[in-house]
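Mind the numbering: the sequence shown is residues 2 to 206 in this note's numbering, read in order.
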Amino acid sequence: MVTTATKPAPRRRREETRRRLMESALGVFARNGYERATVDEIVREAGFSKGAFYVHFEAKEDIFWAMLEERISRQLTAFREAVDADVPVARNLETVLRSIFALNRDDPLWSALFMEFAAHASRDTKVREQMAAMYRNWRSFAVEILNAGREAGLVRRDLDVEFIASVLIAVVEGTMMQARLAADSFDLDAAIEPLSRLLAGWLEP
């Protein structure tokens with residue numbers, strides 16, 4: 002007879018297999034880049050068969066996307082916990098920008114892989130759809146925060162929050178892109194406060 006205590010074991014094994022495959026994939030992507038990485042290398046380094054890989058993922062892009070989704074989910078959770086709708090817009094912007102910039106500065110591998118995956122999206126319809134879904138999630142988060150600020154009287158009511166959310170994402174990504182390409186001359190941390198004030202001046206009543 003299988004007891005309740007023993008039932009979760011297969012699920013834990015599946016979760017552990019998935020986790021090890023994702024850790025292996027990150028190392029392979031880091032070493033070879035996304036385009037040159039192969040499923041064979043990923044499973045070899047993880048110590049599994051290709052069959053184990055395909056139990057969890059349909060293709061190489063699926064494991065990358067799973068890794069990215071997991072990372073973004075953690076980020077959005079952290080941002081929601083950090084943002085307070087009752088404090089000035091500039092302070093919330095500074096909190097979120099500091100978190101985003103720190104993640105990208107402290108983990109340049111992810112930034113590089115994301116850029117490579119974005120380039121791949123221009124040639125692959127499925128990847129492009131996945132990227133579009135990711136941006137929709139980011140916009141939904143931004144709209145949620147903007148609407149909360151508007152209800153608190155801290156964000157102008159005449160603004161189109163959907164459009165503003167897209168602009169905010171574009172500004173943040175553009176700033177990070179400059180920092181990646183001109184790391185020696187662009188101080189990302191120094192940009193946080195003036196950028197927050199600039200955006201807040203646009204958003205506040």
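In this text, a Cβ means the ideal position worked out from N, Cα and C, and glycines have one as well.
- In this structure, A166 and R124 do not form a Cβ contact; the two beta carbons are roughly 27 Å apart against a cut-off of 8 Å.
- For the set A120, A86, Y55, the Cα lying nearest the Cα of E205 is the one of A86.
- For E145, the enclosing alpha helix (DSSP H) covers residues 126-152.
- Counting every other CB atom within 10 Å of its CB across the protein chains shown gives F164 a total below 16, marking it as exposed.
- Counting the other Cβ atoms within 10 Å of the Cβ of G34 gives fewer than 16, which makes it exposed.
- In the displayed model, S50 falls within coil according to three-state DSSP, outside both helix and strand.
- The beta carbon of R99 sits closer than 7 Å to those of I193, all from its chain and outside the five residues before and after it, given in chain order.
- Between the alpha carbons of I146 and F102 lies a distance of about 19 Å.
- When rounded, the separation of the alpha-carbon atoms in R12 and T39 is 26 Å.
- Assigned with DSSP and collapsed to three states, A166 falls in helix.
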